[in-house]
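As structure tokens, the structure follows; a few thoughts come after it.
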Amino acid sequence: MKASKNETIVQVENLKMYFPITRGLLRRKVGDVKAVDDISFDIKKHETLGLVGESGCGKTTTGRCILRLYQPTSGKIIFSGIDISKLPERKIKDHRRDMGTIFQDPFGSLNPRQSAGGIVGDPLKIHHMASGKELKGRVEELFELVGLDPSMMDRVPHEFSGGQRQRIGVARALACNPSLVVCDEPISALDVSIQAQIINLLEELQEKLGLTYLFIAHDLAVVQHISDRVAVMYLGRIMELTSSTELYENPLHPYTKALLSAIPIPDPAAERTRSRIVLKGEVPSPVNPPPGCHFHPRCSLAIKECSETRPPLRDVGNNHYVACIRV
Amino acid sequence: MAKKTVNTAPSQDAMGVAVAPPKHSEWRRFARVFFGRKLYLIGFIIVVILIFTAIFAPLIARYDPVTNDLPNKLQGPSTEHWLGTDQLGRDIYSRIVWGTQISMEIGFAAVFSSAIVGILMGLAAAYFGGIVFAIIMRVTDALMALPGIILVLLIAGLGGRGIGVVIFALAFGNIAGMARMMCGQALSVKQNDYVMAARSIGMSNWRIMWAQIFPNAFPPLIVGLTMGIGGVVLGEAGLSYLGIGVPAPAPSWGGMVMDGQGYLLQNPIISLAPGVAIMLLVFGFNMVGDGIRDAIDPRLRGVL
Amino acid sequence: MALLDVQNLKTYFHTEYGLVKAADGVSFNVNQGEIIGLVGESGCGKSVTILSIMQLIPSPPGKKAGGKVIFEGKDLLQYQPNGQEMRSIRGSKLTMIFQEPMTSLNPVLTIARQMTETLELHLDMDKSAARERGIELLKMVGVPDASRRIDDYPHQFSGGMRQRVMIAMALSCNPMIIFADEPTTAVDVTTQAQLLELMKDLVTRLNTSLVIVTHNLGVVARYAQRIYVMYAGRIIESGPSEAIFSDPQHPYTVGLLNSVPKLGERHGERKLIPIYGLPPNLINMPPTCAFLPRCNAKIGRCSKEPWPELRVVGKDHLISCYANIKGK
Chain A
28 MKASKNETIV
38 QVENLKMYFP
48 ITRGLLRRKV
58 GDVKAVDDIS
68 FDIKKHETLG
78 LVGESGCGKT
88 TTGRCILRLY
98 QPTSGKIIFS
108 GIDISKLPER
118 KIKDHRRDMG
128 TIFQDPFGSL
138 NPRQSAGGIV
148 GDPLKIHHMA
158 SGKELKGRVE
168 ELFELVGLDP
178 SMMDRVPHEF
188 SGGQRQRIGV
198 ARALACNPSL
208 VVCDEPISAL
218 DVSIQAQIIN
228 LLEELQEKLG
238 LTYLFIAHDL
248 AVVQHISDRV
258 AVMYLGRIME
268 LTSSTELYEN
278 PLHPYTKALL
288 SAIPIPDPAA
298 ERTRSRIVLK
308 GEVPSPVNPP
318 PGCHFHPRCS
328 LAIKECSETR
338 PPLRDVGNNH
348 YVACIRV
Chain B
35 MAKKTVNTAP
45 SQDAMGVAVA
55 PPKHSEWRRF
65 ARVFFGRKLY
75 LIGFIIVVIL
85 IFTAIFAPLI
95 ARYDPVTNDL
105 PNKLQGPSTE
115 HWLGTDQLGR
125 DIYSRIVWGT
135 QISMEIGFAA
145 VFSSAIVGIL
155 MGLAAAYFGG
165 IVFAIIMRVT
175 DALMALPGII
185 LVLLIAGLGG
195 RGIGVVIFAL
205 AFGNIAGMAR
215 MMCGQALSVK
225 QNDYVMAARS
235 IGMSNWRIMW
245 AQIFPNAFPP
255 LIVGLTMGIG
265 GVVLGEAGLS
275 YLGIGVPAPA
285 PSWGGMVMDG
295 QGYLLQNPII
305 SLAPGVAIML
315 LVFGFNMVGD
325 GIRDAIDPRL
335 RGVL
Chain C
14 MALLDVQNLK
24 TYFHTEYGLV
34 KAADGVSFNV
44 NQGEIIGLVG
54 ESGCGKSVTI
64 LSIMQLIPSP
74 PGKKAGGKVI
84 FEGKDLLQYQ
94 PNGQEMRSIR
104 GSKLTMIFQE
114 PMTSLNPVLT
124 IARQMTETLE
134 LHLDMDKSAA
144 RERGIELLKM
154 VGVPDASRRI
164 DDYPHQFSGG
174 MRQRVMIAMA
184 LSCNPMIIFA
194 DEPTTAVDVT
204 TQAQLLELMK
214 DLVTRLNTSL
224 VIVTHNLGVV
234 ARYAQRIYVM
244 YAGRIIESGP
254 SEAIFSDPQH
264 PYTVGLLNSV
274 PKLGERHGER
284 KLIPIYGLPP
294 NLINMPPTCA
304 FLPRCNAKIG
314 RCSKEPWPEL
324 RVVGKDHLIS
334 CYANIKGK
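Protein chains in written order, with the working numbering: chain A, 28 to 354; chain B, 35 to 338; chain C, 14 to 341.
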């Protein structure tokens, strides 16, 4: 299921999400956490766009802005032709029907006092898409779709295993036939041997239902496996954006290279021949990020200009975008 | 053995999904912890007896609690008057029984009404945050600064007396505590991803508050509510002892303690009996509260 | 002669749902200067094994149920968990690094206090010498501005830095063996690379042994010389790192390797092969192989006979399986 049509489903333009830091009784603003700092990208119909980066890079915030769980500071989010970034809360509801979300923590993302069937049926009820017998039938259908036994509908989440809970989360996300599904670290809380079950499920569902995914994760190997294109984020900005094959075979940004080399491969022979770029220092705080390119203090290629101006995300051909002046 | 085994071959469908692990009964665990401790069990029995007494007071009492019988005043225990009679010749046992009803009425009514207001305030503060949170918290501060006793004196001064006033005053004093407790619980529940998930599917604020946050934030509050009943009854006894509680001749335990004060040497039972009743009630509800806390505290899971 | 020889170690837990055999006959050994990987999913008993060696299992509900832990010719399990002998070994000759350093560092004491305490206790150093040594150790693990930062509190350090502090503390008494329990699970991948490189350099330089406990096969592939794979409280495969990764013989190990996406595989090139079913919970286990319900290589014997003993399938390469899946 490659992006056959080049129809864009989501277009993000100059998205910024700053969380104010306030102090004292009068809530005086003393600074901003620049979680997402002016990023642009688009998601095409039927594709999987991977969003990868380390904790605090703004990938989850980006996903939540697109879902309008956060009100972006500035920028546009064009979803199915409409800019939803400034829509008031009551108007956003209709768009939420077209977006599904899968959360990271299969234990925290399901209400422990609601039955599995109730959780999956909620979106249908809220959007008045089904009720009564029809609702039950649809929930059963969804259970079967994600590989759960419909007879377990009346059980509460803690009676399911982690992998099964994540399937409930998937079923909930798909309940209203959404055109976009935001998967926020959907497998990182699961046991190693269970992760593959969920990845395969997501792939199968995409094929069957023609879904579009925004796949957010910190594990580049997983993201690369499931995504058509991958955006690498660092401190609120996109550093590199290209097809997942190109990203592995021809990474251009020094951060991407370091990230790739840091991922351990379960193969001692390959590990021994591989050169490893160990980054110096730590990720700076998003409250006070370095000037110019955010990565320059840790970059081995950095020159004076890197600390002066922000490098634009530029096209280097072959649909490969990179935000670095040194490549 | 094999029957009990949890990890017998899971039946799998095409997608390799195993059936769910067996149902762990929450209630069984609750009952095991709760009834496993003698003190909790005793507390529970006391509470059950008290509730039973309150409901069936007309059947259990042997005399009318307010009719005077001056010729038979200040008698000691006998087969006719199990606990003797007071200074007006009223049967102490019957007055205690009827007093149970009054105490329970006040206890439940005050706690229940304060809980409703407090829960609404706490939930709203926690869910909306920001300015709503700030305002509600300042209101609770103000409420906490105003002791119930002053409130009763105020209303009494304005000419109001009776059970309703006592309930109102005691409930009023309880609201702030309830609101704070609810707010704290709701704030921690709100952190869960399922609240975010509910928003992401377009659920309304009202529904998120009641269907998602409340059911998860409420159970720990049961402890506070249970213990609150003991506290309220104690408060009522205090007010009645001061003569500003339930007006005479209604058989209020606090009032009975005061009545007997002048006759401590002749017939100490007049004061002692209601005193013991108050003590048992408070003890009972506190034990039940402790038991519930132990039984539902997830941190004690596996230890108890 | 191995430095540490764990023989048939058994640790059981009594829970309200039944007996949990968390470690059920674990045997392995560690030689001087060696890096060992102990791999398995959550709940497989890998952490329990390490904690049992250190005698840090709370009892009750835990119980030593048998086995020997031979270290320097003596069986550690014969010592009282809180006795003089055990305390003199724990924290000095055998040390631990935990997954989440924030919970294993005391939040109200400065790093200096926490570091010097062990030094004064185990090495009989005086205050100023201990402090000097503490600064030296922090420098060694790459904490910048060590002489100033030693007076900071744990929360003033980032996750990666805290883990460096933990490593420094683990090294402080010149240990023989360091047990690192998921040392990099709580940190990001670039920090993980930093920490792993650091640990490898340090143990090679100091000729210390390192046991890395992890669920991530990739983490140990680069560094460990020998690997033990655990499942449901037992070692199910062990051998030299190359053998485990290039020629795995136990269906579980094979399954684990096939179920993770490999870096550089083209999108859509290969479907992952998951291990079906669920990891067992260890209550009232049947006597047969615990992997049997999930196994795709099972043969007739598997359901009739008890859990197979470890058998040799290559040089230093052992598996606990009746089936022969070589060539698959």
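Think of the CB as a built atom: it goes at the ideal place given N, C-alpha and C, for glycine as much as any other residue.
Computed from a prediction, not measured in an experiment: that's the story for all the values here.
Any contact of the segment 201-219 of chain A with the segment 122-130 of chain A, i.e. 3+ C-beta pairs under 8 Å?
Contact between the segment 201-219 of chain A and the segment 122-130 of chain A is present, because at least three Cβ pairs lie under 8 Å.
C/T24 and C/A35 - do their beta-carbons sit closer together than 8 Å?
Within the third sequence, the letter at position 22 stands for residue 35 of chain C. Within the third sequence, the letter at position 11 stands for residue 24 of chain C. Going by C-beta atoms, C/A35 is nearer than 8 Å to C/T24.
Got a sec? Which residues, its chain only, sit under 6 Å from C/D18 by beta carbon, not counting five neighbours each side?
For the purposes of this step, residue 18 of chain C is taken as residue 5 along the third sequence, with counting starting at 1. The answer, listed in chain order, is N42, I83.
With C/F243 as the anchor, note down where its alpha helix (DSSP H) starts and where it stops.
Taking the first residue of the third sequence as position 1, residue 243 of chain C is located at position 230. First, the residue type needs correcting, since residue 243 of chain C is Met and not Phe in the sequence shown. That residue, C/M243, is in no alpha helix (DSSP H); its beta strand (DSSP E) goes 239-244.
Kindly indicate which three-state DSSP category C/A199 falls into: helix, strand or coil?
For the purposes of this step, residue 199 of chain C is identified with residue 186 of the third sequence, where counting begins at 1. Reduced to three states, the DSSP call for C/A199 is coil.
Could you pull out every unbroken alpha helix (DSSP H) segment of at least 4 residues lying fully inside the segment 29-96 of chain A, listed in chain order?
Fully enclosed alpha helix (DSSP H) runs of 4 or longer: 86-93.
For a test of the three-state rule: what should DSSP assign to A/S101, helix, strand or coil?
For the purposes of this step, residue 101 of chain A is taken as residue 74 along the first sequence, with counting starting at 1. It is a strand residue.
For A/R256, does the count of other Cβ atoms within 10 angstroms reach 16, so buried, or fall short, so exposed?
Here residue 256 of chain A is taken as the residue at index 229 of the first sequence, counted from 1. Buried, because 16 or more other Cβ atoms sit within 10 Å of the Cβ of A/R256.
So, under 8 Å CB-CB, B/D125 and B/Y97 are touching, yes? Tell me the CB distance rounded to an integer number of Å.
Taking the second sequence and counting its residues from 1, one reaches residue 125 of chain B at position 91. Taking the second sequence and counting its residues from 1, one reaches residue 97 of chain B at position 63. Indeed they touch by this definition, with Cβ atoms about 4 Å apart.
DSSP three-state call for B/P56: helix, strand or coil?
Here residue 56 of chain B refers to the residue found at position 22 of the second sequence. With a pLDDT of only 43 at B/P56, under 50, the local geometry of the prediction cannot be trusted, and the value read off the model is given with reservation. Coil at B/P56, not helix or strand.
Kindly confirm or deny that the segment 312-331 of chain B and the segment 229-237 of chain B touch, where touching means at least three C-beta pairs closer than 8 Å.
With a cut-off of 8 Å, the segment 229-237 of chain B and the segment 312-331 of chain B do not count as touching, because too few Cβ pairs lie within range.
Where does B/K304 fall in DSSP's three states?
To locate residue 304 of chain B, count along the second sequence from 1; it is residue 270. Looking at the sequence shown, residue 304 of chain B is not Lys but Ile. Three-state DSSP puts B/I304 in a helix.
Around the C-beta of B/N301, are 16 or more other C-beta atoms found within 10 angstroms, so that it is buried, or is it exposed?
Against the second sequence, residue 301 of chain B aligns to sequence position 267. Buried, because 16 or more other Cβ atoms sit within 10 Å of the Cβ of B/N301.
How long is the line joining the alpha carbons of B/L276 and A/R95, rounded to whole angstroms?
Numbered from its first residue, the second sequence carries residue 276 of chain B at position 242. Numbered from its first residue, the first sequence carries residue 95 of chain A at position 68. Distance between the alpha carbons of B/L276 and A/R95 is about 59 Å.
Any residues in the segment 235-269 of chain B with a beta carbon nearer than 7 Å to a beta carbon of chain A? Which ones, in chain order?
Taking 7 Å as the Cβ-Cβ cut-off against chain A, the residues of the segment 235-269 of chain B that qualify are I235, G236, M237, Q246, P249, N250.
Considering only residues of the segment 84-170 of chain C, which uninterrupted beta strand (DSSP E) runs meet the minimum length of 3 residues and lie entirely inside it, listed in chain order?
DSSP runs (the beta strand (DSSP E)) wholly in the segment 84-170 of chain C: 107-110.
So which residues of chain A does C/D201 contact, with C-beta pairs closer than 8 Å?
Counted from its first residue, the third sequence places residue 201 of chain C at position 188. Going along chain A in sequence order, the residues near C/D201 (Cβ under 8 Å) are E81, S82, H245, V310.
At the level of alpha carbons, what is the spacing between C/V226 and B/P181?
Position 213 of the third sequence holds residue 226 of chain C. Position 147 of the second sequence holds residue 181 of chain B. Taking the straight line from one Cα to the other gives about 59 Å.
Mind checking which residues open and close the alpha helix (DSSP H) that includes B/T119?
As a first step, residue 119 of chain B is located in the second sequence; it is residue number 85 there, counting from the start. No alpha helix (DSSP H) holds B/T119; DSSP gives it neither H nor E.
Please compile the residues from chain A whose C-beta is within a distance smaller than 7 Å of the C-beta of B/R233.
As a working mapping, residue 233 of chain B is identified with position 199 in the second sequence. Ordered by position in chain A, the residues that pass the 7 Å Cβ test against B/R233 are L96.
Find out if the Cβ-Cβ distance for the pair A/G319, A/E309 is shorter than 8 Å.
Within the first sequence, residue 319 of chain A is the residue found at index 292, counting from 1. Within the first sequence, residue 309 of chain A is the residue found at index 282, counting from 1. No, Cβ-Cβ distance for A/G319 and A/E309 is not below 8 Å.
Indicate whether at least one CB of chain B lies closer than 8 Å to the CB of A/L137.
The residue given as residue 137 of chain A occupies position 110 in the first sequence. Closer than 8 Å to some Cβ of chain B, the Cβ of A/L137 qualifies, so yes.
Using only CA atoms, which one of C/M174, C/L118, C/L22 lies nearest to C/Q207?
On the third sequence, position 194 is the one that residue 207 of chain C refers to. Nearest option by C-alpha distance: C/M174.
Taking contact to mean at least 3 C-beta pairs separated by less than 8 Å, is the segment 184-204 of chain A in contact with the segment 146-165 of chain A?
Contact between the segment 184-204 of chain A and the segment 146-165 of chain A is present, because at least three Cβ pairs lie under 8 Å.
Could you list the residues in the segment 98-126 of chain B with a C-beta less than 9 Å from some C-beta on chain D, going in chain order?
Absent from the structure: chain D. Protein chains present are A, B and C.
From the DSSP output, which residues share a beta bridge with A/C351?
Residue numbering aside, residue 351 of chain A sits at position 324 when the first sequence is read from its first letter. BP columns for A/C351 are empty, so no partner.
Could you give the DSSP three-state label for A/G191: helix, strand or coil?
Residue mapping note: residue 191 of chain A aligns to position 164 of the first sequence, counting from 1. What sits at residue 191 of chain A in the sequence shown is Gln, not Gly. Here A/Q191 sits in helix by DSSP.
Only counting the same chain, and skipping five residues up and downstream in sequence, which positions put a Cβ closer than 6 Å to that of C/Q68?
Residue mapping note: residue 68 of chain C aligns to position 55 of the third sequence, counting from 1. Within the same chain, C/Q68 has close Cβ partners P94, M99.
Flag A/K56 as yes if its beta-carbon sits less than 8 Å from any beta-carbon of chain B, otherwise no.
To locate residue 56 of chain A, count along the first sequence from 1; it is residue 29. Answer no: the Cβ-Cβ gap between A/K56 and chain B never drops below 8 Å.
C/R324 lies in the beta strand (DSSP E); which residues open and close that run?
Here the question's residue 324 of chain C lines up with position 311 in the third sequence. First-last of the beta strand (DSSP E) with C/R324: 324-327.
Tell me whether the beta-carbon of C/V61 lies closer than 8 Å to the beta-carbon of C/L230.
Locating residue 61 of chain C in the third sequence gives position 48, counting from the first residue. Locating residue 230 of chain C in the third sequence gives position 217, counting from the first residue. No.
Is the Cβ-Cβ distance between C/G56 and C/P292 less than 8 Å?
Here residue 56 of chain C refers to the residue found at position 43 of the third sequence. Here residue 292 of chain C refers to the residue found at position 279 of the third sequence. Cβ atoms of C/G56 and C/P292: closer than 8 Å.
Classify A/K29: buried if its beta carbon has 16 or more other beta carbons within 10 angstroms, exposed otherwise.
Here the question's residue 29 of chain A lines up with position 2 in the first sequence. Only weak support is given to the placement of A/K29: the predicted model assigns it a pLDDT of 44, under 50, and the value that follows is read from those uncertain coordinates. A/K29 is exposed by the Cβ-count criterion.
By Cβ distance below 6 Å, which residues in the same chain neighbour B/Q246 in space, the five residues on each side in sequence not counted?
Within the second sequence, the letter at position 212 stands for residue 246 of chain B. The residues are V229, A232.
How is the alpha helix (DSSP H) around A/H252 delimited, first residue to last?
Sequence index remark: in the first sequence, residue 252 of chain A carries index 225 (1-based). Looking at the DSSP string, the run of the alpha helix (DSSP H) that includes A/H252 is 247-253.
Taking any Cβ of chain C, which residues in the segment 278-292 of chain A have a Cβ under 8 Å from it, in chain order?
Within the segment 278-292 of chain A, the residues whose Cβ lies closer than 8 Å to some Cβ of chain C are A285, L286, L287, S288, A289, I290, P291, I292, listed in chain order.
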